[in-house]
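Take a look at the structure set out below.
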Amino acid sequence: MNTFKLDRREFLTLTGIAGSGLLLGCSSTGESSNTPFIKNTGPQQLNIFVSIRPDNRVDLVNHRSEMGQGAKTGVIQLIAEELDVDWEKINVIQGLGNKEYGSQNTDGSTSIRKFYSKLREVGASARTMLEQAAAQYWQVDLSKVQAKQHKVYNLTNGNSLNYGDLAELAASQAVPDVANLRYKSSDEFKYITKPVPIVDLHDMTTGQAVFGIDFELDGLLVASIERCPVLYGKVKSFDASAAKAVPGVVDVINMPDTVKPVVFSAGSGVAVVATNTWAANQGRKALKIEWDLGENKDFESESAFADMAKIAQSPAKRSAEKGDIEAGFAKANKILEATYKTPFLAHAPMEPPAASAYVTDSSCEIWAATQNPQAVMDNVAGLVGLKPEQIKVNVTLLGGGFGRKSKADFVAEAVYLSKKTGKPVKVVWTREDDLRAGYFHAGATAYIKAGVDKNANITAWQQRSVMPSIKTTFAPTTEEMLDVELSLGFNDIPFELESLQSESSGYQNPVRIGWLRSVSNIPHAFALHSFVDELAHANGIPTHKYLRQLYAADRFVNPPDDYGFKGYANYDESLEKHPINIKRFKKVLDKLEKQVNFDEPLPQGQAWGLAIHRSFVSYVGVASKVKVQDGKLDVLQMHAVIDCGVAVNPDRVHSQIEGAMIFGLSLALMGRIDIKDGAVTQSNFHDYPVLRMRQCPPIQVEIMQSDAYPGGVGEPGVPPVAPSLANAIFAATGKRYRELPLNQYLTV
């Protein structure tokens with residue numbers, strides 16, 4: 005398959021139009037067919053996903069952002085499956101920012117689960133229009149034709165026509181009624197559920213891929229920005245004379261003060277604009293800036309966590325409850341309680357944020373490594389005085405994202421500087437910028453207290469979650485957590501509980517808080533599954549057997565009905581379509597028990613730990629085997645099982661879960677952002693390390709075969725990693741670590 009680039013005019017023609025559903029276009033140029041009905045010399049446009057050319061090539065538009073997770077491939081698989089095309093005849097086009105595509109926000113593990121039906125509908129509609137065209141040409145009933153592998157066949161005589169032959173006539177057909185579309189059955193699939201190689205693989209592996217940092221344009225200037233180290237601080241004064249003396253420096257520009265709420269706007273700082281990156285960075289080093297550090301200058305994360313732990317011991321806003329919690333504790337044979345802590349975290353994608361913009365009096369064009377081009381359009385519209393739909397956003401490849409690049413602040417910086425200079429400007433963040441000035445996963449404290457009867461069944465479960473809410477980025481005075489945050493592994497407990505009481509509290513935001521891969525599932529899953537392991541050991545039951553006991557009977561958990569949690573979000577899915585299915589938890593456990601002998605005798609200092617968690621409507625179990633000797637921790641093996649429903653591309657699912665294991669290990673072993681005097685103290689990979697090859701164990705991934713509607717894949721693998729690891733360490737050493745990262749206790 006060929007991934008190609010169109011010139012600007014052709015790209016606009018194919019992807020910059022309004023509408024939804026299907027685009028069929030053709031031209032009489034190129035290899036012509038012998039059919040008599042190709043007459044129009046221009047493209048025939050019905051919609052924005054599919055275009056067919058007279059030379060029989062098919063252009064399919066990917067509307068999501070590609071950051072290595074395979075969305076660009078999965079989207080095309082869904083359309084191509086129902087269109088029934090030859091994969092080698094597909095050209096993949098990256099769609100511009102355009103609200104007609106539906107949501108382009110490539111986070112929340114939504115690219116497949118939110119578009120599985122719609123994109124198949126797009127392909128089926130296109131195929132049906134081609135069949136309608138063929139039936140009209142041959143003057144036969146629609147039932148007498150069939151599209152297959154890039155051709156439409158006449159079932160009465162065996163004749164066939166290429167898709168390119170039929171493109172123009174198909175464009176004149178009525179768009180078929182969705183209710184009458186025919187879809188392939190799973191046994192007919194040739195792309196869905198198949199390990200199709202990632203679309204950009206050749207370009208990525210040969211250095212030809214264009215990421216945000218790679219974009220070039222004649223006259224493009226490069227900007228490096230010294231940002232205020234404390235949120236809501238601002239520039240008091242600055243001396244730019246030494247910076248301007250650096251060869252290549254063109255200008256030094258004071259950025260706007262950080263606004264409140266910060267949302268996705270550019271922040272306070274001083275930008276050095278130069279003809280190249282080296283000059284911009286050298287000029288930046290020469291700046292002399294005096295800061296007004298503002299209201300957050302005294303914030304200390306260490307004292308904040310002590311405060312959050314204290315808050316977690318007191319009653320707070322109640323969000324869910326079941327039964328009589330006092331009676332549950334009164335009848336308990338044994339009561340346990342524990343407090344867990346997870347630190348602030350940074351995204352640290354391989355490619356730091358980068359974006360280019362060119363603003364003129366009448367236009368704004370952007371080239372950005374963004375997860376959400378529509379957010380870019382909305383957030384920069386006011387800067388340039390245009391409507392969002394008048395702003396053109398070209399989406400480059402992303403060198404990782406993890407949620408960081410769904411925020412539009414770095415693009416707003418490029419737009420602001422281009423408008424100020426009147427020239428195209430590329431803003432490039434350094435690794436230090438990325439770790440000190442980005443959006444951070446909130447540090448969190450969780451408290452759990454539970455009572456069990458003589459059979460170790462749970463009679464009472466009380467829990468509290470305390471953390472700065474993501475809402476503080478949008479409403480700084482927020483003192484509560486959002487329902488959506490409490491839906492992420494907190495108020496959707498899958499265990500059989502006689503009584504439940506859930507409470508939560510927000511906290512001050514000292515930095516910009518933003519979603520990071522798997523979001524609040526990280527602290528909630530760490531607390532939940534560590535505590536269950538504590539209950540198992542306290543009752544002398546192997547954890548894998550205790551889990552099966554707690555799952556109890558096959559059933560659907562319904563947080564609004566079972567726990568009175570009316571705000572349950574279920575990852576923006578209905579519980580009818582994606583119920584919390586205890587049977588699926590059990591099947592993941594069954595598969596893990598086949599892979600791992602949790603009861604095998606092991607040498608001293610070695611043990612298995614496990615955790616099974618549902619997030620983004622998928623179920624993931626992780627088993628970790630560790631060795632702890634002389635204070636040194638080695639992770640020996642990791643096994644992961646995922647039930648994500650239909651696995652559209654098993655190769656990408658494997659890769660995503662493998663990546664999640666590595667991401668989760670990085671966080672569990674070493675991930676920690678500290679804040680002192682209001683500023684982040686970490687600066688690069690020497691003090692915010694990610695997993696090294698020597699630390700990475702063999703990883704085995706098993707995908708459960710399922711006909712269930714697809715769930716998320718990119719994020720669900722992360723939450724179970726840390727608790728499975730901490731549980732294994734306890735089993736190996738008898739020492740329980742309730743605070744991450746683990747390198748504060750053990751050498752890793």
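Its first residue numbered 5, the sequence shown is counted upward by one per residue in my numbering.
Glycine included, C-beta positions come from ideal geometry on N, C-alpha and C.
Here the structure is a predicted model, which means the values were calculated and not measured.
Tell me whether the beta-carbon of residue i lies closer than 9 Å to the beta-carbon of residue j.
i      : j      : result
Leu638 : Pro727 : In the sequence under discussion, the amino acid at residue 638 is Asp, which differs from the Leu named in the question. No, Cβ-Cβ distance for Asp638 and Pro727 is not below 9 Å.
Ala324 : Ala290 : no
Tyr236 : Glu86  : no
His617 : Pro514 : no
Phe499 : Ala542 : no
Ile584 : Leu532 : no
Leu687 : Glu436 : Before going further, note that residue 687 is Ser rather than Leu in the sequence given. Result yes, Cβ atoms of Ser687 and Glu436 sit closer than 9 Å.
Glu706 : Val645 : yes
Pro58  : Lys264 : no
Ile52  : Gly168 : no
Arg408 : Leu520 : yes
Leu490 : Ser506 : yes
Tyr344 : Phe530 : yes
Leu539 : Val456 : yes
Trp295 : Lys238 : yes
With DSSP collapsed to three states, give me the class of residue i.
i      : result
Met259 : coil
Asn574 : helix
Asn731 : helix
Leu134 : helix
Gln610 : strand
Glu125 : helix
Asn95  : strand
Ala372 : strand
Thr756 : The question about residue 756 has no answer here: the residues shown for the chain are numbered 5 through 752.
Gln140 : helix
Asp243 : strand
Thr482 : coil
Arg231 : strand
Lys590 : helix
Could you compute how far the alpha carbon of residue i sits from the alpha carbon of residue j?
i      : j      : result
Leu439 : Asp311 : 24 Å
Ala336 : Glu230 : 58 Å
Asp204 : Ala213 : 7 Å
Ser241 : Ser272 : 12 Å
Cys30  : Asp207 : Note that Cys30 has pLDDT 28, beneath the 50 cutoff, so the model's placement of it is unreliable and no number is given.
Glu220 : Ala284 : 16 Å
Asn38  : Ala84  : Here Asn38 scores only 44 on pLDDT, less than 50, and its place in the model is too uncertain to base an answer on.
Arg288 : Gly252 : 12 Å
Val62  : Val592 : 40 Å
Gln49  : Ala130 : Its pLDDT being 44, under 50, Gln49 is placed unreliably in this model, and the coordinates cannot settle the point.
Thr209 : Val79  : 21 Å
Gly99  : Asn376 : 12 Å
Thr477 : Leu349 : 16 Å
Pro180 : Ala358 : 42 Å
Gly3   : Val621 : The first residue shown for the chain is 5 and the last is 752, placing residue 3 beyond what the model contains.
Arg740 : Asn731 : 8 Å
Ala672 : Leu82  : 35 Å
Thr234 : Ile217 : A quick correction: the sequence has Val, not Thr, at residue 234. The alpha-carbon atoms of Val234 and Ile217 are separated by roughly 26 Å.
Lys321 : Ser534 : 24 Å
Ser121 : Val254 : 51 Å
Tyr749 : Ala450 : 20 Å
Quick one: is the Cβ of residue i within less than 8 Å of any heavy atom of the ligand ADP?
i      : result
Gly568 : The ligand ADP is absent from the structure shown, which contains no ligands of any kind.
Considering only DSSP beta bridges, list what residue i is partnered with.
i      : result
Gly215 : This sequence places Phe at residue 215; Gly is not what is there. Leu401, per the DSSP bridge assignment.
Val432 : Ala358
Asp296 : Lys238
Gln467 : Ile452, Ser506
Thr751 : Lys636
Phe560 : Asn585
Arg618 : Tyr623
Arg322 : Glu507
Under 9 Å, Cβ to Cβ, is there at least one residue of chain B near residue i?
i      : result
Phe620 : Looking at the structure shown, chain B is missing, and only one protein chain is on hand.
Exercise. Tell me, please, whether the segment 109-117 touches the segment 706-726 by the rule of three or more beta-carbon pairs shorter than 8 Å.
Key: With the rule of 3 Cβ pairs closer than 8 Å, the segment 109-117 counts as touching the segment 706-726.
Self-check item: Inter-stretch contact at 8 Å, needing at least 3 Cβ pairs: the segment 471-487 / the segment 358-368
Solution: Taking a contact to require three or more Cβ pairs closer than 8 Å, the segment 471-487 and the segment 358-368 do not qualify as touching.
Quiz item: Taking one C-beta from the segment 376-384 and one from the segment 262-272 each time, how about it: are there three or more such pairs within less than 8 Å?
Solution: Taking 8 Å as the limit for Cβ pairs, the verdict is that the segment 262-272 does touch the segment 376-384.
Quiz item: Any contact of the segment 98-117 with the segment 126-136, i.e. 3+ C-beta pairs under 8 Å?
Solution: No, they do not touch.
Quiz item: Counting Cβ pairs, one atom from each stretch, are 3 or more of them under 8 Å apart for the segment 332-351 and the segment 454-466?
Solution: Result yes; three or more Cβ-Cβ pairs closer than 8 Å.
Quiz item: Taking one C-beta from the segment 609-627 and one from the segment 731-743 each time, how about it: are there three or more such pairs within less than 8 Å?
Solution: Yes, the segment 609-627 touches the segment 731-743.
Quiz item: Does the segment 440-453 come close enough to the segment 545-553 that 3 or more CB-CB pairs lie under 8 Å?
Solution: No: the two stretches stay apart, fewer than three of their Cβ pairs being nearer than 8 Å.
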